[in-house]
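**Student:** What follows is a single structure, and I will ask about it in a moment.
In this note's numbering, the protein residues as written are 47 to 271.
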């Protein structure tokens, strides 16, 4: 999973996480990642996965005190402790920590499937990463989510799931062209609102397909049932 020359970071949040999925995803105890950041309640999940984090971030209002003390005794862990009353979410703090540690590619687990306010906030954290020149992905057992500000090519063998959806994050995305898809497009503009569902649940019709567009930002979701 590593990309040559790119420092990869894994963030494990305190949100809902299918542990069977996470165990398969992190097989090897997170060895595919150069840096692991555990977020508040995610510390218990990190331990269950057999991963020793490089950094731990949060206000720790949901962590078992004994577990917290156990990790406190590890001198190799970087701690970033905050008060519960703060402007940033714990996951945003973790993203900032991973970026400061030099990660140019981030995978975030536990960021979906729970409270909608947190899920939408986490989606917008991908824009923070995009603005900082880092690629970032939200993963769960059914979805792989990222943001696109330029075109992308997909291969059938490399897909996370059968379905590929493109949803505008910006008010308008101009000139969308889909080639190699079951439902192709040519130079289509889509906006937030009624048109936002136009590119939902598409599929590859060929072994390779691509999306290109002139301006805007798309949410790209690869999904499986």
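Glycine included, C-beta positions come from ideal geometry on N, C-alpha and C.
Ignore the nearest five residues each way along the sequence and tell me which others in residue 47's own chain have a CB closer than 7 Å to its CB.
**Tutor:** With a pLDDT of only 43 at residue 47, under 50, the local geometry of the prediction cannot be trusted, and the value read off the model is given with reservation. Here the set comprises 78.
**Student:** So is residue 163 buried or exposed if we call it buried at 16+ other beta carbons inside 10 Å?
**Tutor:** exposed
**Student:** Thinking C-alpha only, which one of 202, 212, 205 is nearest residue 194?
**Tutor:** Of 202, 212, 205, the residue nearest in Cα terms is 212.
**Student:** What whole-angstrom Cβ distance do residue 105 and residue 86 have, given they're in contact under 8 Å?
**Tutor:** 7 Å
**Student:** Hey, residue 55 and residue 81 are a contact pair by Cβ (cut 8 Å); roughly how many whole angstroms apart?
**Tutor:** 4 Å
**Student:** Can you tell me the Cα-Cα spacing of residue 66 and residue 259, whole angstroms?
**Tutor:** 37 Å
**Student:** Which whole-angstrom value describes the C-beta separation of residue 262 and residue 216, a residue pair presumed to lie in contact below a C-beta threshold of 8 Å?
**Tutor:** Between residue 216 and residue 262 the Cβ distance is about 4 Å, and since that is below 8 Å, they are a contact.
**Student:** At what residue ranges does the region 59 to 143 contain a whole run of the beta strand (DSSP E), taking only runs of 3 or more?
**Tutor:** When DSSP assignments are scanned along the region 59 to 143, the uninterrupted stretches of beta strand (DSSP E) that are 3 or more residues long and fall wholly within it turn out to be 81 to 85, 101 to 104, 124 to 127.
**Student:** Considering Cα atoms alone, identify which of 269, 255, 268, 53 is closest to residue 152.
**Tutor:** 53
**Student:** What does the Cβ neighbour count give for residue 247, buried or exposed, with the cut at 16 atoms within 10 Å?
**Tutor:** exposed
**Student:** Measure the C-alpha to C-alpha separation of residue 221 and residue 117 and round it to an integer number of angstroms.
**Tutor:** 51 Å
**Student:** What do you get for residue 166, buried or exposed, if any count of 16 or more other CB atoms within 10 angstroms of its CB means buried?
**Tutor:** exposed
**Student:** Are the Cβ atoms of residue 198 and residue 237 separated by less than 9 Å?
**Tutor:** no
**Student:** When burial is assigned at 16 or more other CB atoms within 10 Å of the CB, is residue 107 buried or exposed?
**Tutor:** Around the C-beta of residue 107, fewer than 16 other C-beta atoms lie within 10 Å, and the residue is accordingly described as exposed.
**Student:** Quick check on the DSSP output: what are the complete beta strand (DSSP E) runs of length 3 or more inside the region 222 to 247, in order along the chain?
**Tutor:** 231 to 237
**Student:** Which whole-angstrom value is the C-beta distance of residue 150 and residue 83, which I expect to be below 8 Å?
**Tutor:** Not confirmed; about 14 Å, so no contact.
**Student:** Tell me the DSSP bridge mates of residue 193?
**Tutor:** Answer is 265, bridged to residue 193.
**Student:** Would you decide whether residue 268 is buried or exposed? Buried here means 16 or more other CB atoms lie within 10 Å of its CB.
**Tutor:** buried
**Student:** What's the C-alpha gap between residue 231 and residue 245?
**Tutor:** 9 Å
**Student:** Give me the residue from 191, 124, 137, 129 with the minimum Cα distance to residue 209.
**Tutor:** 191
**Student:** To the nearest angstrom, how far is it from the Cα of residue 252 to the Cα of residue 61?
**Tutor:** Approximately 36 Å, taken between the alpha carbons.
**Student:** Taking the alpha-carbon positions, what's the residue 277 to residue 227 distance?
**Tutor:** This structure leaves residue 277 out entirely; the chain is present only between 47 and 271.
**Student:** Please classify residue 168 as buried or exposed, where buried requires at least 16 neighbouring CB atoms within 10 angstroms.
**Tutor:** buried
**Student:** Starting from the Cα of residue 94, find the closest Cα among 234, 63, 139, 101 and give me that residue.
**Tutor:** 63
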